[in-house]
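If you count by the numbering used here, then the sequence shown holds residues 2 to 448, one letter each, in order. For glycine and all other residues, C-beta sits at the position ideal for the given N, C-alpha and C. Here is the structure we will look at.
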Amino acid sequence: MKIFIAVVLCKFVYFIGKKVGRGSSLPGKIVLKLFPDILSKIRMPKTVIAVSGSNGKTSTVEMIAHILQQNNVNVIWNKEGSNQIEGVATFLLNNCDTKGNVRADAVLLESDERYARLTFKYFTPTHFVITNLYRDQMTRNAHSEWIFDILKDAVKPKTLLILNADDPLVSCFASDHEKAVYFSMDENKYSTKTPQGVYNDGKYCPLCKAPLEYEYYNMAHIGRYKCTRCVLHTNDALCRITDIDLESKKAVFDGEYEINLNFASLFNVYNLLAAFTLATVLGFDKQKTADALNGYILKSGRIVQFKINEHNGILLTSKHENSVSYNQSIDYIKRNNKNSIVMIMVDAISRKYYTSETSWLFDIDFDGLASSKAESIILTGKYAYDLAVRFEFTGINPDIITVEPNIDNAVNMLSSSGGDADIFVVTCFSDKDKFLSRITQNIVHNN
Ligand SMILES: [Zn+2]
Numbered sequence: 002m003k004i005f006i007a008v009v010l011c012k013f014v015y016f017i018g019k020k021v022g023r024g025s026s027l028p029g030k031i032v033l034k035l036f037p038d039i040l041s042k043i044r045m046p047k048t049v050i051a052v053s054g055s056n057g058k059t060s061t062v063e064m065i066a067h068i069l070q071q072n073n074v075n076v077i078w079n080k081e082g083s084n085q086i087e088g089v090a091t092f093l094l095n096n097c098d099t100k101g102n103v104r105a106d107a108v109l110l111e112s113d114e115r116y117a118r119l120t121f122k123y124f125t126p127t128h129f130v131i132t133n134l135y136r137d138q139m140t141r142n143a144h145s146e147w148i149f150d151i152l153k154d155a156v157k158p159k160t161l162l163i164l165n166a167d168d169p170l171v172s173c174f175a176s177d178h179e180k181a182v183y184f185s186m187d188e189n190k191y192s193t194k195t196p197q198g199v200y201n202d203g204k205y206c207p208l209c210k211a212p213l214e215y216e217y218y219n220m221a222h223i224g225r226y227k228c229t230r231c232v233l234h235t236n237d238a239l240c241r242i243t244d245i246d247l248e249s250k251k252a253v254f255d256g257e258y259e260i261n262l263n264f265a266s267l268f269n270v271y272n273l274l275a276a277f278t279l280a281t282v283l284g285f286d287k288q289k290t291a292d293a294l295n296g297y298i299l300k301s302g303r304i305v306q307f308k309i310n311e312h313n314g315i316l317l318t319s320k321h322e323n324s325v326s327y328n329q330s331i332d333y334i335k336r337n338n339k340n341s342i343v344m345i346m347v348d349a350i351s352r353k354y355y356t357s358e359t360s361w362l363f364d365i366d367f368d369g370l371a372s373s374k375a376e377s378i379i380l381t382g383k384y385a386y387d388l389a390v391r392f393e394f395t396g397i398n399p400d401i402i403t404v405e406p407n408i409d410n411a412v413n414m415l416s417s418s419g420g421d422a423d424i425f426v427v428t429c430f431s432d433k434d435k436f437l438s439r440i441t442q443n444i445v446h447n448n
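This is the structure in structure tokens:
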């Protein structure tokens, strides 16, 4: 009876909520108030896949869903991105019959790192993909080792972990957990022998705190490492990226499966690899998985192409409060071999909560723009002056930097600039529409 009421109530509130434009977490919130253990009453299908980690959750989930669909699996996933317990409750109850049976062969869940332990208190994922743990939203998540401790509570003995072998902290999830497989990226032409960026989170072993030794770094603290004291090291991987060429937008998986990349970034390739590895664990044919991922265009894509006068433009959606995400955008700009105008906009730091904390700007490798072909850099938004202070600590020629907090004026600067330099706009989900709404006529492709 309880589940019947919960399902009907959830669907009703969701229906009304849609009419008045409310978010997808409210129905779950109401049901959980009435029945705090309702998730334990839901009969889940045989396969329950969870995806968590600092970066890449949404993209990885979307690609896994695509692979499952290509293999004729009836899968449901939380597309609306509500990954905290209320959103997950709404999503699951909405997909139940009135007896509480989920109407699907597989459930795929993006789970917020902090909420996974609450969600998975009531049911156990069969597979748990953990992409990476980086510095992310410090005001909310503090340090990544703190997130590790919280996320570890969500890992149950029966769950098969699919882990990023190249991330020392993520590998620690298997330190007292038997069921784990790994994915990894081989050394390639983008790997470095020394850590890149402003800080080095791979300096010490997360298990015993002795120094870590790296054979190479792929990005941030992700690479091939071993501890100088304990057993922690890069584990052998079930699936690997054996070759990668971002210029020609190609990656090779397991030495033989070539995939064309729609968005050429190491970040994106790690997400593809996570999805590929899960598909392999599920027993799907590797060639078929590679075909599904080949040239796949993410619906939750982070790139918008636009054209202003003679300028080709790209909006690179990054995540505020997440330096690794910004560094990937800067790397993308560095690989562009034509002169460019770069606009960086920080206007609202988060769309979910209020913070004016900007220390994360100092974790971003803005120095990298010095080796790009940027001929001018525009800093805009409410925090333009915070950005300006950060840029004073870079080796970038101050003469090419313009500080213009007013977004209208900054966008006008783009449209009144002559020449045909490429334009890159770097900002976050919370701010990207503030730019796009001002150039709606100029959008070429939004994916
Ligand atoms: Zn150690």
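Supposed contact pair residue j and residue i - C-beta distance, whole angstroms, cut 8 Å
{"i": "T91", "j": "P28", "result": "5 Å"}
{"i": "I4", "j": "G101", "result": "4 Å"}
{"i": "C435", "j": "D348", "result": "The sequence shown places Lys at residue 435, rather than the Cys named in the question. Going by Cβ atoms, the distance from K435 to D348 rounds to 6 Å, so yes, they are a contact pair."}
{"i": "L134", "j": "A107", "result": "Actually they do not touch by this definition, with Cβ atoms about 26 Å apart."}
{"i": "V412", "j": "I440", "result": "7 Å"}
{"i": "A422", "j": "I342", "result": "5 Å"}
{"i": "N272", "j": "T61", "result": "5 Å"}
{"i": "S324", "j": "R136", "result": "6 Å"}
{"i": "K157", "j": "F184", "result": "Not confirmed; about 21 Å, so no contact."}
Length of the line joining the Cα atoms of residue i and residue j
{"i": "I315", "j": "K159", "result": "44 Å"}
{"i": "L93", "j": "E111", "result": "12 Å"}
{"i": "T403", "j": "M346", "result": "12 Å"}
{"i": "Q71", "j": "A155", "result": "29 Å"}
{"i": "M414", "j": "F363", "result": "26 Å"}
{"i": "V8", "j": "A105", "result": "16 Å"}
{"i": "G256", "j": "L10", "result": "51 Å"}
{"i": "I39", "j": "E179", "result": "30 Å"}
{"i": "A66", "j": "L208", "result": "34 Å"}
{"i": "F149", "j": "T318", "result": "26 Å"}
{"i": "S330", "j": "A280", "result": "28 Å"}
{"i": "P1", "j": "V282", "result": "There is simply no residue 1 to check, as the chain begins at 2 and stops at 448 in what is shown."}
{"i": "K383", "j": "I408", "result": "9 Å"}
{"i": "L294", "j": "M2", "result": "43 Å"}
{"i": "P406", "j": "R303", "result": "24 Å"}
{"i": "H321", "j": "Y200", "result": "17 Å"}
{"i": "K210", "j": "S41", "result": "38 Å"}
{"i": "I245", "j": "W147", "result": "33 Å"}
{"i": "G198", "j": "A385", "result": "22 Å"}
{"i": "C206", "j": "V14", "result": "48 Å"}
{"i": "I131", "j": "Y123", "result": "20 Å"}
{"i": "I50", "j": "I378", "result": "43 Å"}
{"i": "S418", "j": "N410", "result": "12 Å"}
{"i": "S171", "j": "L35", "result": "Note on residue identity: the sequence assigns Val, not Ser, to residue 171. So the alpha carbons of these two residues sit roughly 36 Å apart."}
{"i": "C173", "j": "N142", "result": "19 Å"}
{"i": "V390", "j": "G203", "result": "27 Å"}
{"i": "Q85", "j": "T278", "result": "25 Å"}
{"i": "S167", "j": "S301", "result": "Contrary to the premise, residue 167 reads as Asp rather than Ser in this sequence. Between D167 and S301, the C-alpha separation is close to 25 Å."}
{"i": "M45", "j": "K80", "result": "18 Å"}
Beta-bridge pairing of residue i - partner residues as DSSP gives them
{"i": "D423", "result": "S341"}
{"i": "W78", "result": "L109"}
{"i": "V103", "result": "C97"}
{"i": "S377", "result": "I342"}
{"i": "V1", "result": "Nothing about residue 1 can be reported from this structure: the residues present for the chain run from 2 to 448 only."}
{"i": "V253", "result": "D244 and E259"}
{"i": "T428", "result": "T318"}
{"i": "Q306", "result": "I315 and H446"}
{"i": "A51", "result": "L110 and F129"}
{"i": "R136", "result": "Note: R136 sits in no beta bridge, so no partner."}
{"i": "S360", "result": "The partner list for S360 (beta bridge, DSSP) is empty, contrary to what the question assumes."}
{"i": "R141", "result": "Beta-bridge pairing links R141 to no other residue."}
{"i": "H234", "result": "K227"}
{"i": "I163", "result": "V130 and V182"}
{"i": "Y218", "result": "T193 and G224"}
heavy atom of ligand 1 below 7 Å from residue i C-beta
{"i": "R225", "result": "no"}
{"i": "C173", "result": "no"}
{"i": "A211", "result": "yes"}
{"i": "L208", "result": "yes"}
{"i": "L233", "result": "yes"}
{"i": "R230", "result": "yes"}
Checklist entry - When the Cβ atoms of the segment 324 to 343 are set against those of the segment 92 to 109, are three or more pairs found closer than 8 Å? => result no
Next on the checklist: Using 8 Å as the cut-off, can you tell me whether the segment 345 to 354 makes contact with the segment 179 to 196, which would need three or more C-beta pairs spanning the two stretches below that distance?
Outcome noted: no
Checklist entry - Three or more C-beta pairs closer than 8 Å, one from the segment 265 to 278 and one from the segment 42 to 62: is that the case here? => result yes
Next on the checklist: Does the contact criterion of 3 or more C-beta pairs under 8 Å hold for the segment 221 to 233 versus the segment 246 to 255?
Outcome noted: no
Next on the checklist: Could you check whether the segment 13 to 33 touches the segment 233 to 249, counting it as contact only if at least three pairs of C-beta atoms, one from each stretch, sit closer than 8 Å?
Outcome noted: no
Checklist entry - Between the segment 391 to 398 and the segment 366 to 373, do three or more beta carbon pairs fall short of 8 Å? => result yes
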